[in-house]
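Student: Pasting a structure here, questions to come.
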Amino acid sequence: MRRDVFQAIADPVRREIIQLLSERNLTINEVAEKFTISRPAISKHLKILHECEIIQYNKAGRERLCMIQPQKLIPAFLWIKQYNKLWEDRIDSFENYIHQLQTKNDKNE
Numbered sequence: 275m276r277r278d279v280f281q282a283i284a285d286p287v288r289r290e291i292i293q294l295l296s297e298r299n300l301t302i303n304e305v306a307e308k309f310t311i312s313r314p315a316i317s318k319h320l321k322i323l324h325e326c327e328i329i330q331y332n333k334a335g336r337e338r339l340c341m342i343q344p345q346k347l348i349p350a351f352l353w354i355k356q357y358n359k360l361w362e363d364r365i366d367s368f369e370n371y372i373h374q375l376q377t378k379n380d381k382n383e
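Using the working numbering, the letters of the sequence shown correspond one by one to residues 275 to 383.
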């Protein structure tokens, strides 16, 4: 099965793993210790992140270090960024509407 970055970030556990690994490299056991879900479940999430090339493994003695590959998140960032202006405009419009209501309410008091 071919996976992509959007499948990787669709799950909140995987997003949290990405966040953890963005702070520092961790072994698989160190990642698993951060969660209350089972070690096999964490391994499955790590496998998906690895298939999407968001993480890579490097041997460190008998352990495998999980390392983030942030450049692989760029497609998701660019896709989200295109909606930034749309949301800013909608928030500005909503703020203007609230301001108009407040002004109208102040005049009626």
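Note that the Cβ used here is the ideal one computed from N, Cα and C, for glycine as well.
1. Anyone know if the C-beta pair for Ile283 and Arg338 falls short of 8 angstroms?
2. Please name the residue, chosen from Gln343, Asn358 and Glu369, that lies closest to Glu327 on a Cα-to-Cα basis.
3. Just how far apart, CA to CA, sit Ala306 and Gln345?
4. For Ala334, which residues in the same chain have their Cβ closer than 8 angstroms to its Cβ, ignoring the five residues on either side in sequence?
5. Answer yes or no: do His319 and Asp285 have a C-beta to C-beta separation smaller than 8 angstroms?
6. With burial defined as no fewer than 16 other Cβ atoms inside 10 Å of the residue's Cβ, what is the status of Leu352: buried or exposed?
7. Decide if Ile311 is buried, meaning its Cβ has at least 16 other Cβ atoms within 10 Å, or exposed.
8. With distances taken Cα to Cα, identify the nearest neighbour of Ile329 among His373, Gln374, Ile365 and Asn299.
9. Contact check, Ile316 vs Arg288 under 8 angstroms by CB: the rounded distance?
10. In three-state terms, what does DSSP make of Ala284?
Tutor: So, to answer that:
1. Not closer than 8 angstroms, so no.
2. Gln343
3. 24 angstroms
4. Thr301
5. yes
6. Result: exposed.
7. With fewer than 16 other Cβ atoms within 10 Å, it is exposed.
8. Asn299
9. Wrong, their Cβ atoms sit about 10 angstroms apart, outside the cutoff.
10. coil
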